[in-house]
Each structure stands twice: as structure tokens, then as C-alpha cells.
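> Using our numbering, the first residue of the sequence shown is number 529, and each one after it goes up by one. All C-beta atoms in this analysis are idealised placements derived from N, C-alpha and C, irrespective of residue type, glycine included. Remember, it's a predicted structure, so these values are computed and weren't measured experimentally. One structure, pasted below without further comment.
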Amino acid sequence: MNESLRQVVHLVFGLGIAGFILAFDRDIAISVLALALFVGFILSDAISRGYTIPVISTIIGGLERRDAVPGKGALFFAFGALFSLIFFEKEIAAIGLAVLAFLDSTTTIAGTRFGKTRIYNQKSLEGTVTGIAVTTIALSPLVPPPVALVTSVVAGLAELVSPIDDNLVIPVAACLVLTLLP
Numbered sequence: 529m530n531e532s533l534r535q536v537v538h539l540v541f542g543l544g545i546a547g548f549i550l551a552f553d554r555d556i557a558i559s560v561l562a563l564a565l566f567v568g569f570i571l572s573d574a575i576s577r578g579y580t581i582p583v584i585s586t587i588i589g590g591l592e593r594r595d596a597v598p599g600k601g602a603l604f605f606a607f608g609a610l611f612s613l614i615f616f617e618k619e620i621a622a623i624g625l626a627v628l629a630f631l632d633s634t635t636t637i638a639g640t641r642f643g644k645t646r647i648y649n650q651k652s653l654e655g656t657v658t659g660i661a662v663t664t665i666a667l668s669p670l671v672p673p674p675v676a677l678v679t680s681v682v683a684g685l686a687e688l689v690s691p692i693d694d695n696l697v698i699p700v701a702a703c704l705v706l707t708l709l710p
């Protein structure tokens, strides 16, 4: 699949989950995310064992990178969302997921298209800087601009250096910063 389209889906999916978290009671959101994660693990396991699940197999096959565990990105996204919602305030968790949606999508798109300077873990300076800038701008209506900048930089650095899947690391890093800063 075209990586840019994959990242646009990532952005829309992430913002949709953030909106879902804000729209519903915290306990309902936790329950739905936990159920989605459970069902996702079952579907991922079935697909990796060679089963074809109508519609689901096609969607996952079209959105997942080659040689990746089926649905791995979506599973880590759901796990990152669930973890953030359990351990942080609802509004903070939603903003953390918005950070994930904007940062991960824009760093990948910009890095793939314009990245020349590799800095760490095959990530590019151009992608990282673009992701941080776009995320800062996107967060500025939600939090004070200096908080948006610090949150974006910390999340961007966490994505850059962490060996753990960025769908888990980015929202947790963002939520920690948003919780600790006034």
C-alpha cells in the first residue's frame, strides 16, 4: 500500500479515537478500547495463522506494512490509547492520541518524501522536524503554545530513540509531559 495513504488513515483513525474518548464516559471508552484490543488480538492471530476473514483480511492486508504482524500497528495504537486512558485524565489521553496521530503521520510522510539526513534508527531529521512543527501547530489551540512545543519535542524525541513501537511510546510521552507541565 502507498505509505502516504497508510499514514492518512493513521491520522484519521487516531483523531477519531481521540474524539471518541472525549465524546463518551471514561469507563465506556476504556471498555470499548479493551474489547477492541481483545477482538483485534483474536483477528490478528487468526490472520497470521492463514485464516481469511472477509473484509477484515482485506483491510489489514491493505494497510499493514509487508512482513509485519497482521494488525500490529492498530493493536499497538489501541493499546497505547487504552494505557493512556487508564493512567491519565481523559482530556490528557485524548490530546496524547492527537499527538500520536499528527506526529507519527507527518514524520513518516515528510521523512519518506523529503528525508535526506538520517539521524537515528533510520529516521530523518527532515521528518522529525516536520512532525514536531506540525504537531506543535495542531496542539496550540488546545494547550498554550509553549506546552504544545515541549510536548511535541519530547514525543518526537521519544519516537526517534525508543525501541518500543511508537504507537505506544508517543501518547504516553505526550501524556506525561501534559500532566507534568502546568
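Could you name the residues of the same chain whose beta carbon sits closer than 8 Å to that of Ser668, not counting the 5 residues immediately before and after it, in chain order?
If you number the sequence shown from 1, residue 668 lands on position 140. Answer for Ser668: Ala676, listed in chain order.
> Check Lys600 in the structure and name its three-state DSSP category.
Mapped onto the sequence shown, residue 600 falls at position 72. Note: Lys600 maps to helix in three-state DSSP.
> Cα separation between Leu708 and Ala702?
Position 180 of the sequence shown holds residue 708. Position 174 of the sequence shown holds residue 702. If you take the alpha carbons of Leu708 and Ala702, they lie about 10 Å apart.
> By alpha-carbon positions, which one of Ile587, Ala551 and Phe548 ends up nearest to Val537?
In the sequence shown, counting from the first residue as 1, residue 537 sits at position 9. The shortest Cα separation from Val537 among Ile587, Ala551 and Phe548 belongs to Ile587.
> So who's on the other strand from Arg646, going by DSSP bridges?
For the purposes of this step, residue 646 is taken as residue 118 along the sequence shown, with counting starting at 1. Partner(s): Ser652.
> How should Ile556 be labelled, buried or exposed, when 16 other C-beta atoms within 10 angstroms of its C-beta is the threshold for buried?
Reading the sequence shown from its first residue, position 28 is the one you call residue 556. Counting Cβ neighbours within 10 Å, Ile556 comes out exposed, since fewer than 16 surround it.
> Is Ser668 helix, strand or coil when you go by DSSP?
Counting from one through the sequence shown, the residue named residue 668 turns up at place 140. Ser668 falls in the coil class under three-state DSSP.
> Helix, strand or coil for Ser585 per DSSP?
Looking up residue 585 in the sequence shown gives position 57. The answer is helix: DSSP assigns Ser585 an H, G or I state.
> Find out if the Cβ-Cβ distance for the pair Gly608, Leu628 is shorter than 8 Å.
As a first step, residue 608 must be located in the sequence shown, where it is residue number 80. As a first step, residue 628 must be located in the sequence shown, where it is residue number 100. For Gly608 and Leu628, yes; Cβs fall inside 8 Å.
> What's the gap between the Cα of Ala562 and the Cα of Pro673?
Within the sequence shown, the letter at position 34 stands for residue 562. Within the sequence shown, the letter at position 145 stands for residue 673. Straight-line Cα distance between these residues: approximately 33 Å.
> Put Phe552 into one of helix, strand or coil per three-state DSSP.
One-based indexing of the sequence shown puts residue 552 at position 24. Coil, per DSSP.
> By how many angstroms is the C-alpha of Gly655 removed from the C-alpha of Thr634?
The residue labelled residue 634 in the question sits at position 106 within the sequence shown. The residue labelled residue 655 in the question sits at position 127 within the sequence shown. Approximately 7 Å between the Cα atoms of the pair.
> Please classify Ile695: does DSSP put it in a helix, a strand, or coil?
Mapped onto the sequence shown, residue 695 falls at position 167. For the sequence presented, residue 695 should be read as Asn rather than Ile. Residue state, collapsed to three classes: helix.
> In the DSSP assignment, the alpha helix (DSSP H) including Thr679 goes from what residue to what residue?
Indexing the sequence shown from 1 puts residue 679 at position 151. Its alpha helix (DSSP H) spans residues Pro673 to Val689.
> Hey, Thr664 and Val705: beta-carbon distance below 8 Å or not?
The count along the sequence shown starts at 1 and reaches residue 664 at position 136. The count along the sequence shown starts at 1 and reaches residue 705 at position 177. Their beta carbons are not under 8 Å apart, which means Thr664 does not touch Val705 by this criterion.
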